[in-house]
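Worksheet for the structure shown next.
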Amino acid sequence: MIFKQITELQFDEFRNQYKQKNYWQSVQMAQFRKSNVPSWTDTYVGLEENGRLVAASVLESLPVFGKHKLYMALRGFLIDYDDLQTVRLFLQELKKFLAKNDCLYMKVDPYIAYQPHNPDGTAAQGYKRDALVNVFEEEGFHHEGFRVGYDSAFEPRWMQTLDLEGKTKQEVFKAMHTNTRQSIRNAERMGVKVKELGREELNILKDLVDLAGKTRHFSTIDLPKYERYYDHFGDDFKACLAYIDLDEYENNVKKDREKQVRALEKASRELEKTPDSQKKINRKKEAEYAIAGCDRKLAEIKEYKDGYGSVLYLAAASFIITSYEVVYLLSGSNKELNRFAGSFMIQWHMIQYAIDHGCSRYNFYGISGDFDEAAQDYGVFTFKKSFNAEVQELIGDFTYIAQPVPFKIYDVLRNIKHKLMH
Numbered sequence: 364m365i366f367k368q369i370t371e372l373q374f375d376e377f378r379n380q381y382k383q384k385n386y387w388q389s390v391q392m393a394q395f396r397k398s399n400v401p402s403w404t405d406t407y408v409g410l411e412e413n414g415r416l417v418a419a420s421v422l423e424s425l426p427v428f429g430k431h432k433l434y435m436a437l438r439g440f441l442i443d444y445d446d447l448q449t450v451r452l453f454l455q456e457l458k459k460f461l462a463k464n465d466c467l468y469m470k471v472d473p474y475i476a477y478q479p480h481n482p483d484g485t486a487a488q489g490y491k492r493d494a495l496v497n498v499f500e501e502e503g504f505h506h507e508g509f510r511v512g513y514d515s516a517f518e519p520r521w522m523q524t525l526d527l528e529g530k531t532k533q534e535v536f537k538a539m540h541t542n543t544r545q546s547i548r549n550a551e552r553m554g555v556k557v558k559e560l561g562r563e564e565l566n567i568l569k570d571l572v573d574l575a576g577k578t579r580h581f582s583t584i585d586l587p588k589y590e591r592y593y594d595h596f597g598d599d600f601k602a603c604l605a606y607i608d609l610d611e612y613e614n615n616v617k618k619d620r621e622k623q624v625r626a627l628e629k630a631s632r633e634l635e636k637t638p639d640s641q642k643k644i645n646r647k648k649e650a651e652y653a654i655a656g657c658d659r660k661l662a663e664i665k666e667y668k669d670g671y672g673s674v675l676y677l678a679a680a681s682f683i684i685t686s687y688e689v690v691y692l693l694s695g696s697n698k699e700l701n702r703f704a705g706s707f708m709i710q711w712h713m714i715q716y717a718i719d720h721g722c723s724r725y726n727f728y729g730i731s732g733d734f735d736e737a738a739q740d741y742g743v744f745t746f747k748k749s750f751n752a753e754v755q756e757l758i759g760d761f762t763y764i765a766q767p768v769p770f771k772i773y774d775v776l777r778n779i780k781h782k783l784m785h
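Each number in the working numbering corresponds to the 1-based position in the sequence shown with 363 added.
In structure tokens:
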């Protein structure tokens, strides 16, 4: 096998036929990161056997200490991680490449599961990829441990995914938790809709994410970053908004009220003829109850209109799509409008999109991996779990020190700088 530098086009062609692709290992992501920090440089490498690529990766590098560079392989390599011999050869040849190209150290976080988990997060009995961890370790790539929790310096090591392989929309919907199905049905009855946002509407996504960030105390991104996602990923980036047109909702409630008034009048007339009919008594009570419910809804609609106008923006979220999966990136909602279940509608909308486009799975993405009910993100975990999502524990992060002596100096200076800044 031959390890070599390849062109952007060769990498893209290999990626297109690689089933379990991810958006981090893509030309779009490399260009996206460079648009944010122009000093990033991307290099495409591959492992060739008999003139055919069997593995590839986009390596991103950044000068961090004189001419010495940090290299990153975001979410690892496009490779068969269960073919340990090929993985070992790739790492060995990669180290030779790094030695020739001023690498100080390298970080890599393979996009591959470590072990299976039960729906409640507990580890299931089964296969663990300890042998893969050992191959990385033996080749000098230090495993950073089986991290739990969130760390802004790393991509999540835990996520939740929904298997869609060979499944229909009906099957996927039926497997969801009863309350989740009910929330979606109620939202549909109220007239909640989901639409894709254009580039000029991304401020709506930003505003709702910012609103959620203030409520739940998480940091958010600025509008230009959303626009860069939109520009670099094109049709593979989706921003969705769940909303309700209150005028339309009000008209539907009024029609329902009129229907119930007619039912009440009919039941009242029939009771005059047969006053002891329990069936007619029950029907009259049902109509009266339904009319009272409509009146409550109409009063609520008026309040919402007074506070927000005729269209309510309920929730918004962004996604990145590959042929393998739809990845749910981030979202925000107005918690004052949670009764309309906008967040549920967006997820269901994009799950259906994934099924329609033949994706193998829907990725709810990051969770902390802490499944205690007291965990800060336990509500996030249970929300995703309610869609029948499975817990995925990724193998973790590795660091390769290419030049130990310069790295030690660099690390000391970096720690001093960090202390001075904090």
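Cβ coordinates follow ideal geometry from the N, Cα and C atoms, glycine included. Everything numeric in this text was worked out from a predicted model, so none of it was measured.
Three-way DSSP call (helix, strand, coil) for residue i in this model
{"i": "GLU509", "result": "Note that residue 509 corresponds to Phe in the displayed sequence, not to Glu. Looking at PHE509 - three-state DSSP - the assignment turns out to be coil, as it is neither helix nor strand."}
{"i": "LEU675", "result": "strand"}
{"i": "ASN549", "result": "helix"}
{"i": "ALA516", "result": "coil"}
{"i": "TYR728", "result": "strand"}
{"i": "ASP619", "result": "helix"}
{"i": "SER631", "result": "helix"}
{"i": "GLN445", "result": "Here residue 445 is Asp; the residue named in the question, Gln, does not match the sequence. In this structure, ASP445 counts as coil in the three-state DSSP scheme."}
{"i": "THR404", "result": "strand"}
{"i": "ALA486", "result": "strand"}
{"i": "ILE584", "result": "coil"}
{"i": "ASN385", "result": "coil"}
{"i": "GLY656", "result": "helix"}
{"i": "ALA538", "result": "coil"}
{"i": "THR531", "result": "coil"}
{"i": "THR543", "result": "helix"}
{"i": "ASP493", "result": "helix"}
{"i": "ASP774", "result": "helix"}
{"i": "ASP669", "result": "helix"}
{"i": "ASP786", "result": "The structure shown does not extend to residue 786, since the chain spans only 364 to 785, so no value can be given for it."}
Closest Cα partner of residue i within the set the options
{"i": "TYR592", "options": "GLY732, GLU613, GLU376 and PHE682", "result": "PHE682"}
{"i": "VAL535", "options": "ARG562, VAL690, LYS782 and SER749", "result": "SER749"}
{"i": "ASP466", "options": "TYR490, VAL427 and PHE499", "result": "For the sequence presented, residue 466 should be read as Cys rather than Asp. The shortest Cα separation from CYS466 among TYR490, VAL427 and PHE499 belongs to VAL427."}
{"i": "ASP760", "options": "LEU495, ARG562 and ARG552", "result": "LEU495"}
{"i": "TRP521", "options": "PHE499, ALA486, SER640 and LYS459", "result": "ALA486"}
{"i": "GLU528", "options": "ILE772, ASP774 and ASN726", "result": "ASN726"}
{"i": "ALA419", "options": "GLY429, THR404, ALA436 and HIS431", "result": "ALA436"}
{"i": "ASN697", "options": "PRO769, LEU568, VAL690 and ASP446", "result": "LEU568"}
{"i": "VAL616", "options": "MET553, GLU756 and SER631", "result": "MET553"}
{"i": "GLY656", "options": "MET708, TYR728, GLU621 and THR541", "result": "GLU621"}
{"i": "LYS832", "options": "PHE453, ALA476, ILE772 and HIS505", "result": "As shown, the chain starts at 364 and ends at 785. That puts residue 832 outside it, with no answer to give."}
{"i": "GLN523", "options": "PHE734, LYS782 and PRO769", "result": "PHE734"}
{"i": "TYR728", "options": "HIS712, GLU736 and VAL754", "result": "VAL754"}
{"i": "ALA704", "options": "HIS506, VAL511, LEU604 and ASN497", "result": "LEU604"}
{"i": "GLN455", "options": "ASN778, ILE664 and GLY409", "result": "GLY409"}
{"i": "ALA538", "options": "ASN549, ALA550, THR404 and LEU525", "result": "LEU525"}
{"i": "VAL674", "options": "ILE730, GLU651, CYS722 and ILE607", "result": "ILE607"}
{"i": "ALA550", "options": "HIS712, GLY439, PRO587 and GLU412", "result": "HIS712"}
{"i": "ASP594", "options": "ARG396, GLU663 and VAL690", "result": "ARG396"}
{"i": "ILE664", "options": "ASP405, ARG702, TYR652 and ASN413", "result": "ARG702"}
{"i": "ILE684", "options": "ILE365, ILE369 and SER389", "result": "SER389"}
{"i": "PHE499", "options": "PHE440, TYR513 and ASP483", "result": "PHE440"}
{"i": "GLN380", "options": "LEU422, ILE442 and LYS642", "result": "ILE442"}
{"i": "ASN560", "options": "HIS505, ALA678 and GLY508", "result": "Checking the sequence, you will find Leu at residue 560 rather than Asn. The shortest Cα separation from LEU560 among HIS505, ALA678 and GLY508 belongs to ALA678."}
{"i": "ILE812", "options": "THR449, GLY503, GLU628 and VAL511", "result": "A query on residue 812 cannot be resolved here, the shown segment of the chain reaching from 364 to 785 and no further."}
Range of the contiguous beta strand (DSSP E) that encloses residue i
{"i": "VAL427", "result": "415-428"}
Per DSSP, the bridge partner or partners of residue i
{"i": "VAL557", "result": "ALA605"}
{"i": "PRO479", "result": "GLN755"}
{"i": "LYS432", "result": "PRO426 and CYS466"}
{"i": "GLN523", "result": "TYR728 and VAL754"}
{"i": "LEU410", "result": "PHE366 and ALA418"}
{"i": "VAL471", "result": "ALA436 and PHE761"}
{"i": "PHE504", "result": "TYR763"}
{"i": "ILE683", "result": "PHE600 and VAL690"}
Start-to-end residues for the alpha helix (DSSP H) that takes in residue i
{"i": "GLY576", "result": "565-579"}
{"i": "PHE707", "result": "705-719"}
{"i": "GLN380", "result": "371-380"}
{"i": "VAL690", "result": "Unbroken run through VAL690 is the beta strand (DSSP E), 688-696; no alpha helix (DSSP H)."}
{"i": "ASN399", "result": "390-399"}
{"i": "GLU699", "result": "Neither: GLU699 is in no alpha helix (DSSP H) and is coded neither H nor E."}
Neighbour flag for residue i against chain B, beta carbons, 7 Å
{"i": "GLY561", "result": "Reference to chain B is not applicable here, since this structure consists of a single protein chain."}
Contact test: residue i Cβ vs the ligand ZN heavy atom, cutoff 6 Å
{"i": "LYS491", "result": "Because no ligand of any kind appears in the structure shown, any question about the ligand ZN cannot be addressed here."}
Completely contained beta strand (DSSP E) runs for the region 731-770, where each covers 3 or more residues: 753-757 and 761-764
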